[in-house]
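Protein sequence lines, in the order shown, are assigned to chains A and B. Each residue of the first sequence is one higher than the one before, starting from 1 at the first, in the numbering used here. Each residue of the second sequence is one higher than the one before, starting from 113 at the first, in the numbering used here.
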Amino acid sequence: GENVEQHPSTLSVQEGDSAVIKCTYSDSASNYFPWYKQELGKRPQLIIDIRSNVGEKKDQRIAVTLNKTAKHFSLHITETQPEDSAVYFCAPHTGGGNKLTFGTGTQLKVEL
Amino acid sequence: SAVISQKPSRDICQRGTSLTIQCQVDSQVTMMFWYRQQPGQSLTLIATANQGSEATYESGFVIDKFPISRPNLTFSTLTVSNMSPEDSSIYLCSVGGAGNTIYFGEGSWLTVV
């Protein structure tokens, strides 16, 4: 099965700073790499994803980079805002059957 | 995209009782997944619900504790049996969409007292 590690487990940044969360996985067959944001009391929401044939993807203030050789991918948030405060989960998977293995989560706190 | 309705959204249950959570999808899907999220923890897959066959359970989860039904391609239920305080969690159903996108129901917040 897939072993997934996420670092850091907590991250505090000042508003306007950048935040980076790293996800390391073990299954070399993984070919789809999503990031989910979970606000307090809500379900996880997909915020960005990347596939194995792409090295980087950007969507406004968020981006994901993938290093398949090293088996890790990272979430980058620039110009952080208080509404970015949430728990972020990576969930690499092989695509077949849509079964996800979630990382341990990163609590991001954006301070004013 | 898929719209998933889950109920109950929230419940407080007595220990020793059982509760059934329902998940309804607005389109036909081959597989539905049930996840548990204990307080302050990540999501853990309980089982995969397949239409027409028994559910496939992950390590650490058994059918007697978490029986699952999948009567058709748009509906599934998860029962949490003989509940104890350790079962207090968020239970989420999910389905896969086009391009590996995963959709989650709103979740069922269970507290066992």
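Glycine included, each C-beta is placed from N, C-alpha and C at the ideal position. Values in this document were obtained by computation on a predicted structure and should not be read as measured data.
Best match in the options for proximity to residue i [C-alpha to C-alpha]
| i | options | result |
| --- | --- | --- |
| Met195(B) | Ala159(B), Gln118(B), Pro179(B) | Pro179(B) |
| Ser85(A) | Ser12(A), Thr24(A), Lys58(A) | Ser12(A) |
| Thr156(B) | Gly209(B), Ser220(B), Glu218(B), Tyr203(B) | Tyr203(B) |
| Pro82(A) | Lys109(A), Gly103(A), Lys58(A), Thr10(A) | Lys109(A) |
| Phe68(A) | Gln60(A), Gly55(A), Asp59(A) | The sequence shown places Lys at residue 68(A), rather than the Phe named in the question. The residue with the shortest Cα to Cα distance from Lys68(A) is Gly55(A). |
| Glu5(A) | Phe73(A), Leu112(A), Glu79(A), Glu111(A) | Phe73(A) |
| Asp138(B) | Asn162(B), Thr191(B), Asn184(B) | Asn184(B) |
| Val20(A) | Ser30(A), Asn53(A), Leu66(A) | Leu66(A) |
| Asn53(A) | Ser30(A), Leu75(A), Glu39(A), Gly41(A) | Ser30(A) |
Residue i to residue j span [Cα, whole Å]
| i | j | result |
| --- | --- | --- |
| Ser28(A) | Asn3(A) | 11 Å |
| Ile77(A) | Ile62(A) | 5 Å |
| Arg43(A) | Gln149(B) | 10 Å |
Own chain partners of residue i with C-beta closer than 6 Å, once the 5 adjacent residues on each side are dropped
| i | result |
| --- | --- |
| Lys37(A) | Gln45, Ile47, Ala86, Tyr88 |
| Tyr147(B) | Leu155, Leu157, Leu204 |
| Ser117(B) | Gln136 |
Expected contact under 8 Å - CB spacing of residue i and residue j to nearest Å
| i | j | result |
| --- | --- | --- |
| Ser200(B) | Val224(B) | 5 Å |
| Thr189(B) | Gln134(B) | 5 Å |
| Ser181(B) | Pro120(B) | That pair is no contact at about 16 Å. |
Same chain, Cβ closer than 7 Å to residue i, five either side skipped, listed in chain order
| i | result |
| --- | --- |
| Gly211(B) | none |
| Tyr215(B) | Ser113, Ala114, Ile116, Ser206, Val207, Gly209 |
| Asp59(A) | Ile48 |
| Gly16(A) | Glu79, Thr80 |
Within-7 Å CB hit, residue i to chain A
| i | result |
| --- | --- |
| Gly219(B) | yes |
| Ser121(B) | no |
| Ser117(B) | no |
Cβ-based neighbour list, residue i, same chain, cut-off 8 Å, excluding 5 preceding and 5 following
| i | result |
| --- | --- |
| Asp49(A) | Tyr32, Phe33, Pro34, Trp35, Lys57, Val64 |
Closer than 7 Å to chain B by CB, residue i
| i | result |
| --- | --- |
| Thr24(A) | no |
| Pro44(A) | yes |
is_contact[residue i, chain D] using C-beta, thresh 7 Å
| i | result |
| --- | --- |
| Asn184(B) | Any reference to chain D falls outside this structure, whose protein chains are A and B. |
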